[in-house]
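To start, the structure itself, in structure tokens.
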Amino acid sequence: MEYKQIQELIKTINKSNISELSIEEGDFKITIKQEFTGQVHYAPVAQPAALPQPAPQQLSTVAPAPAPVADKPAAQPAPASNLITIKSPMIGTFYRSPSPDKPVFVNVGDEIKAGQVLCIIEAMKLFNEIESEVSGRLVKVVADDSSPVEYDQPLFIIEPM
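Structure representation (structure tokens):
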């Protein structure tokens, strides 16, 4: 079985509800397992009935101004629409450099070319080079070095040129 086929199997398993897959081809045997976390379902909670409040004591003739009520949470500033997010194609461990004693592949502000290696993700003892699909300037590194990443987790933000 070829490396690309193994990668595709991992991607397929990650997207499915399959917890384990074993394949044997001659002397080659591979078992892919994933932990099933299940889905959490939340049930709506009924609001408790309002309890009668004791009458407040009149201490002054001026009533305090009511606190402002927020109908909606504060709006998050919208990210620039021209930025592209490079996401993890698999579950694994994110590394910014090829080895601990080597420099990182890319730094914030670097010009990136399509096909350039941005990082490595280690999955099942395989080191997968993650390449940029676009050319541009690296704006932000979202993931932490040597940290676990999930499928489709943002890794880099790139401003296309």
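Number 33 in the working numbering belongs to position 40 of the sequence shown; there are no gaps in the numbering.
Cβ atoms here follow ideal geometry from the backbone N, Cα and C, with glycine treated the same way.
Per DSSP, which residues does residue i bridge with? Please list them.
i, result
"T78", "I150"
Please state whether DSSP places residue i in a helix, a strand or coil.
i, result
"E1", "helix"
"N7", "helix"
"Y(-4)", "helix"
"F98", "coil"
"Y88", "strand"
"A116", "strand"
Which residue wins for smallest C-alpha separation from residue i, given the options the options?
i, options, result
"E18", "I(-1), F120, K95", "I(-1)"
"S81", "I23, D138, V142", "V142"
"V101", "A136, I114, I16", "A136"
"G85", "E1, V97, I113, F98", "I113"
"N155", "Y(-4), I150, Y144", "Outside the displayed span of the chain (-6 to 154) sits residue 155, for which this structure offers no information."
"S128", "S12, S9, M83, G108", "G108"
Determine the direct distance from the alpha carbon of residue j to that of residue i, and round the result to whole angstroms.
i, j, result
"H34", "Q146", "Low confidence applies here, because H34 scores a pLDDT of 47, under 50, leaving its location unreliable; read the following figure in that light. The alpha-carbon atoms of H34 and Q146 are separated by roughly 22 angstroms."
"L14", "S90", "31 angstroms"
"V110", "I123", "6 angstroms"
"K26", "E1", "14 angstroms"
So, under 8 angstroms CB-CB, residue i and residue j are touching, yes? Tell me the CB distance rounded to an integer number of Å.
i, j, result
"S140", "F87", "6 angstroms"
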